[in-house]
Structures are given as C-alpha cells and as structure tokens.
Amino acid sequence: MTARSQAAALAAPAVAILGGVAVAPVLAAAWLSLHRSILVFHEQRFAGLDNYRFLVADGRFWSALGTTAYFTAVAVAAELVLGLPVAVLLQRGGGLLRAAVLLPWAVPTAVSARMWAWLFNADYGLLHRILPAVDWLGSPRIALHAAILVDVWKTTPFVALLLLAGLQAIPEEVLQAARVDGARPARVFFSIALPLLRPAILLALLFRSLDAFRVFDAIYVLTEGGPANATETLSIYAYKTLMRSGDFGYGSALSVATFACVVALGLVWLRVLGRRP
Amino acid sequence: MRRALAACAVLAFFLGPLAWQALTSLWPEPELTRPLPHSLTFASYAGLGGTFARAVLNSLIVAAGTTALCLAAGASAAFAIAKLDLPGKRVLLGGALAISMFPPIATVSPLYLALRAAGLRDTLAGLVLPYATFALPLTLWLLTSFFRGLPDELYRAARVDGCTPWQAFVHVFLPLSWPALATSAILVFIFSWNELLYALTFISTPSRRTIPVAIALFAGEHVEPWGQIAAASMVATLPLAALTLLFQRRIVSGLTAGAVKE
Chain E
145 MTARSQAAAL AAPAVAILGG VAVAPVLAAA WLSLHRSILV FHEQRFAGLD NYRFLVADGR
205 FWSALGTTAY FTAVAVAAEL VLGLPVAVLL QRGGGLLRAA VLLPWAVPTA VSARMWAWLF
265 NADYGLLHRI LPAVDWLGSP RIALHAAILV DVWKTTPFVA LLLLAGLQAI PEEVLQAARV
325 DGARPARVFF SIALPLLRPA ILLALLFRSL DAFRVFDAIY VLTEGGPANA TETLSIYAYK
385 TLMRSGDFGY GSALSVATFA CVVALGLVWL RVLGRRP
Chain R
63 MRRALAACAV LAFFLGPLAW QALTSLWPEP ELTRPLPHSL TFASYAGLGG TFARAVLNSL
123 IVAAGTTALC LAAGASAAFA IAKLDLPGKR VLLGGALAIS MFPPIATVSP LYLALRAAGL
183 RDTLAGLVLP YATFALPLTL WLLTSFFRGL PDELYRAARV DGCTPWQAFV HVFLPLSWPA
243 LATSAILVFI FSWNELLYAL TFISTPSRRT IPVAIALFAG EHVEPWGQIA AASMVATLPL
303 AALTLLFQRR IVSGLTAGAV KE
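These protein sequences, in sequence, are chains E and R.
Going by the working numbering, the first sequence opens with residue 145, and the numbers climb by one from there.
Going by the working numbering, the second sequence opens with residue 63, and the numbers climb by one from there.
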C-alpha cells in the first residue's frame, strides 16, 4: 500500500460514519420531504413540492420560526451580556470558582429543565413563593422567557469560558501600557480589551446562536411548546409532526426548513467573521 | 470587596438552583407544601427503584459505546489529517465542523426509518451511531490539533526506522496522545450522557430509556413526584459534577480549543 492510500484507509471509518449518520440523512430528509408519507398508514407517494406549498401558508410554521428567532436572539444576547463580567471574574478567580461555574454546563439540559420546572411550579415552587404574581409556565407571554432563563443559566458558563480564553490571549503589556498612560480601568476595558476580544465574541455568537436555534430539550421538558403553542420552536413543531402525528413527509419538510435556517445563519456569521475589523 | 460580592452573586445564580434541587431531594414528600422541611430523609432516593437504575446503566452503556467508537475512528482520521498526505483534509475538517452544527431534528426522520429497517430502533446500539454526529466532529478537531502540535520529525524518524504510516500511528503517536484522548473522552461522554432528542425518538421501551428521557418523562400516578424527580436529577448530575471538579482544566481547554488560535 502506498502512504497515500494508507492515509485514506486511516480516515475512511470516520468519513463513512459522518457520511452515513449526518450527510446521507440530511439528503434523505430532503427526499422524504417531497413525499406524502404517513407512517401508520404505510402510505408513501411522491408529492413534489406539496409539503413546501403547505409550509409557506402554514401559520403555525411562521409562528414557530418567530418563536425560535426570538428565543435565539434574546438568549444569546443575555448570555453574552452576562458572560462577559463572569469571564472577567473568572480571570482573577481560582479553579474552584471556575469548576462551580462550569457545573450548570455539565448538567443534562433535560435535568436542568426539570429542576427549573420545580422552581417555577405554580403551587410550591421557590420562585413562585418569592414572586407569587408571576405565572412562570402557565402564561403564554412569560413561558418563553422562563425557557430563555433556563438556557441562560445553562450556557452562560460556556460563553464565559470562550470569552475568558479570549481575555487570556490579550498580552498583559498592552493593558499595562494603557494604564501607564493614565487610562482608567473602565476605559482600559472598553477601549482596549473589548475590541481585542472581538474574535472571541464573534465566535461565541456563532456557536451559541446556531446552538440556540435548534433548541429542543429545555422547551420539551418545560412546556412541550405550550401554553397555546407560545413556546413552540421549529424543532418542537417538527418533532410533534413526526412523532406525534406520524407525518414523515411534512415533518421532514419542517426539518429541512430548520436546517436551511441554520445554514443561512451560519453563512451570515462566517461572512461577519471573515471581515477584518 | 466588590469582587467578592460579585463572586457571591455569580455563585448564587449558578449553584443556587442546584442546591435547592439537592434540598428538595432530601425533603419528605408530604412536607413539600411547606416553605421549608422539618426533617430530611433519603426516602425519595430509596423510592427511585429499578427502572431508574436501568436508565443509569443504559446511559453508561450508550455514553461508553459512543466514546469508544468516536475515539477509535477519530484518532486514526485525525492522525491522517495532521501528519499524512491525505487528499481533501480541509474539506473533511470543515465538513465535520458543519456537521456538528446540524440541528439533530434535521436528521431524525431518515435515521428513524433507517434504524427501523436495520432492526436497531429501540436498541441502545442504535443510539451510538447517531450520537457520532456530534461526538465524532469534536474528537476529530481536538485530536487533529493535538497531533499537529507534535513535531513532524517524529513521523519522519519513525518512517526512516521502517515503520509504515499505520505502525507510526499505533506505536509512536498513539502512546503520546493519551492527554488529548482523555480530554476528548470526557467531553464526548458528557455530551452523550446529556443527549435527549435522539434517545426520545428512537427508544420506546421504558426499560431502555437513558437518563435524560427517563427524567423528561418522569411521571407519578396522580401528582408530579417532585421529590423523586429531584433525587433522580441528583443521581444524574453527580457523575458529571465529579468529572467537572476533577477534570475542570481539561474540559475548559477542550471546549475552548481553537477559539484562541483561529
């Protein structure tokens, strides 16, 4: 065997697995979405773009898209705003503080959502006892924000760690020079450190927004998309269509639409990242 | 002083909910209506029973299986990318990164049909392969950047000594790479332990549920058994808390690898 074919042989299992469980299924989902396919009736026939015609006119789809976009924008913004001071704190803090902050990230989302559901509980929950006027999960206007709070609790640590890595990459001499020139700490932070942190911030935005856009676990456990579909995101709607209604054709169309949104979002971020400040 | 206050606020926000859950798990169920318990008990833990113990075992099996598969496939591929003349290596790395960003819902319907056709739906083995969608890209990136950090002379010297590329990988590079393998293993284990959507979709038999599914679907006969849910949450969190405390440095460096360099 030549060295080159040995290299190919070493990489082949990974390529085969990624192709088999990720690339092929995405293509297969696109193909399925062109069919009318109801699982329990064993019905499957080619339907062209029927599912997409239905999708464009489906108010529930647009509402789920709006909910997902709102969830993503608010959650990621909050995580960034909270993550920055936490990162600054971690830079001075010891390993124990870092481990403590990392803990919510390591807790399974399903577990943390159940934990918060108990805090939100409308009879005996701790948050309900503190703020009895707020119906956390029962009110359509508040429930989505409760889900955002759970996401912020769980993923701010990740954002903080990314920003911390960025902070640590800033040479101390740069900050020192500004201080010697008489700049005050706030000024050093906002005029020197923050611009140098731009790549880390953009990277956190990229990772987090793509991740938040596919949100499923927290909302499934907290509200299953309720009340009155107020928290139904694209992943939840697609899941219900696939697994509850057994409609694999339209469910796949919803999956493909979600995928397309994530790809579009990713491309936008890559363009922003590629641009030099 | 101000920094200490800020640290306390941060700790209260991140650890407070977990502490309350720990207290709830020890709270006698009939007393949950009170603001605070009068006494503490392990009754909620004792009441979890065999079904939840099965879920813990199932999660261990799936997470261990995913970790083994992804390290085996990922290490050799990462070595080929970092040290060998592999055509299309940039496409492979970029593709893997893109795949890790795929929303799992995008692949759920065909994977369901494929697993059903292969007789793997509703089996633990049927979860391991789909878990590679998020676990393998991570392994690939971490190990590639590790192998790139090792000197090329090491590979040339091994070749001069008569090693084939495969032998150089197994006898020279693999023994050196245990720190990176450990970091990848810890992260893959945590991500697999926490996965919900695939497990929820592909597993239907209650005794084959993993922990996140068991906790998501935890239900009592009449009322929500909050004490038992809290106890189950604690059991699910404990191994992760231990991993986090022990390997905090490794986890942080693995999560942020590349973020600094790129």
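All C-beta atoms, glycine included, are put in the ideal place defined by N, C-alpha and C.
Remember, it's a predicted structure, so these values are computed and weren't measured experimentally.
Would you identify the three-state DSSP class for residue i, choosing helix, strand or coil?
i	result
Ile182 of chain E	strand
Asp391 of chain E	strand
Val359 of chain E	coil
Ala313 of chain E	coil
Glu286 of chain R	coil
Arg273 of chain E	helix
Ser275 of chain R	Note that residue 275 of chain R corresponds to Val in the displayed sequence, not to Ser. Of the three classes helix, strand and coil, the one that applies to Val275 of chain R here is helix, per DSSP.
Glu368 of chain E	coil
Gly157 of chain R	helix
Ser283 of chain E	coil
Cys225 of chain R	coil
Tyr268 of chain E	coil
Thr185 of chain R	coil
Pro92 of chain R	helix
Ala180 of chain R	coil
Pro166 of chain R	coil
Met259 of chain E	helix
Met63 of chain R	coil
Val167 of chain E	helix
Asp202 of chain E	coil
Ala374 of chain E	coil
Gly237 of chain E	coil
Ala251 of chain E	Looking at the sequence itself, residue 251 of chain E is Val, so the reference to Ala does not match. In this structure, Val251 of chain E counts as coil in the three-state DSSP scheme.
Asp325 of chain E	coil
Asp295 of chain E	helix
Thr136 of chain R	Position check: residue 136 of chain R holds Gly in this sequence, whereas Thr was assumed. It is helical.
Gly109 of chain R	coil
Leu212 of chain R	coil
For chain E, find out if any of its Cβ atoms is closer than 8 Å to the Cβ of residue i; answer yes or no.
i	result
Arg183 of chain R	no
Arg312 of chain R	no
Gln290 of chain R	no
Thr195 of chain R	yes
Leu307 of chain R	yes
Val322 of chain R	In this prediction, Val322 of chain R has a pLDDT of 46, which is less than 50 and means its spatial position is unreliable; nothing more can be read from the coordinates.
Asn120 of chain R	no
Ile273 of chain R	yes
Using DSSP bridges, identify the partner residues of residue i.
i	result
Arg189 of chain E	E:Arg180
Along chain E, in chain order, which residues have C-beta atoms closer than 8 Å to that of residue i?
i	result
Asp214 of chain R	Going along chain E, no residue has its Cβ under 8 Å from Asp214 of chain R, so there is no contact; the nearest lies around 14 Å.
Asp223 of chain R	Here the premise fails: no neighbours, minimum Cβ distance about 15 Å.
Thr318 of chain R	Leu305, Leu306, Leu308, Ala309
For residue i, which residues in chain R fall below 9 Å Cβ to Cβ?
i	result
Val412 of chain E	By Cβ distance, chain R contributes nothing, its closest Cβ being about 13 Å from Val412 of chain E, past 9 Å.
Tyr383 of chain E	Ile167, Val170, Leu259, Leu262, Thr263
Phe403 of chain E	Phe164, Pro165, Ile167, Ala168, Thr169
Leu176 of chain E	Ser171, Pro172, Leu175
Ala330 of chain E	Correct list: empty, because the minimum Cβ distance to chain R is about 13 Å.
Arg242 of chain E	Gln310, Arg311, Val314
Going along chain R in order, which residues have a C-beta closer than 8 Å to the C-beta of residue i?
i	result
Pro276 of chain E	None at all; the shortest Cβ gap to chain R is about 12 Å.
Phe190 of chain E	Within 8 Å Cβ-Cβ: nothing; Phe190 of chain E doesn't reach chain R, min ~16 Å.
Arg273 of chain E	Pro97
Which bits of chain E does residue i rub up against, with CB to CB less than 7 Å?
i	result
Ala158 of chain R	Leu162
Ser295 of chain R	Val255, Arg258, Met259
Output, in chain order, the set of chain E residues within a Cβ distance shorter than 9 Å of residue i.
i	result
Arg65 of chain R	Leu233, Arg236, Gly237
Tell me, please, whether the CB atom of residue i is closer than 8 Å to any CB atom in chain R?
i	result
Leu311 of chain E	no
Leu270 of chain E	yes
Trp206 of chain E	no
Ser480 of chain E	A query on residue 480 of chain E cannot be resolved here, the shown segment of chain E reaching from 145 to 421 and no further.
Tyr196 of chain E	no
Pro169 of chain E	yes
Tyr214 of chain E	no
Ala408 of chain E	no
Ala147 of chain E	yes
Contact criterion: CB-CB distance below 8 Å. Does residue i meet it with respect to chain A?
i	result
Gly136 of chain R	Given the protein chain composition of this structure (E and R), no chain A is represented.
Residues of chain R with CB closer than 7 Å to the CB of residue i, please, in chain order.
i	result
Trp280 of chain E	In chain order: nothing, as chain R lies at least about 13 Å away.
- Message: Three or more C-beta pairs under 8 Å: does that hold for the region 181-199 of chain R against the region 98-111 of chain R?
- Response: In the pairwise beta carbon analysis, the region 181-199 of chain R is classified as not touching the region 98-111 of chain R: fewer than three pairs are separated by under 8 Å.
- Message: So, does the region 254-266 of chain R touch the region 118-126 of chain R, judging by three or more C-beta pairs under 8 Å?
- Response: Judged by Cβ distances under 8 Å, the region 254-266 of chain R makes contact with the region 118-126 of chain R, as three or more pairs qualify.
- Task: Please confirm if the region 254-261 of chain E is in contact with the region 286-305 of chain E, defined as three or more CB-CB distances below 8 Å between the two stretches.
- Result: As far as the Cβ criterion goes, the region 254-261 of chain E touches the region 286-305 of chain E, which means the pair count is three or higher.
- Task: Would you check if the region 381-399 of chain E and the region 231-242 of chain E touch, i.e. whether three or more CB-CB distances between them fall below 8 Å?
- Result: Verdict: no, contact absent.
- the region 311-328 of chain E in contact with the region 260-268 of chain E per 3-pair CB rule at 8 Å: Contact fails: fewer than three Cβ-Cβ distances are below 8 Å.
- Counting pairs of Cβ atoms below 8 Å between the region 338-349 of chain E and the region 374-389 of chain E, do you hit three or more? Output reads no: the region 374-389 of chain E does not touch the region 338-349 of chain E.
- Query: Three or more C-beta pairs closer than 8 Å, one from the region 78-88 of chain R and one from the region 289-297 of chain R: is that the case here?
  - Reply: Yes, since at least three Cβ pairs between the region 78-88 of chain R and the region 289-297 of chain R fall closer than 8 Å, the two stretches touch.
- Query: Contact between the region 300-311 of chain E and the region 273-280 of chain E: three or more CB pairs below 8 Å?
  - Reply: Between the region 300-311 of chain E and the region 273-280 of chain E, the count of Cβ pairs shorter than 8 Å is below three; the stretches do not touch.
- Decide if the region 401-413 of chain E is in contact with the region 354-361 of chain E; the criterion is three or more beta carbon pairs, one per stretch, under 8 Å apart. Enough Cβ pairs lie closer than 8 Å, so yes.
- Task: Determine contact between the region 241-256 of chain R and the region 217-232 of chain R, defined as no fewer than three beta-carbon pairs at a distance below 8 Å.
- Result: No, they do not touch.
- Any chance the region 357-373 of chain E sits against the region 238-257 of chain E, with 3 or more Cβ pairs inside 8 Å? With contact defined as three or more Cβ pairs closer than 8 Å, the region 357-373 of chain E and the region 238-257 of chain E are in contact.
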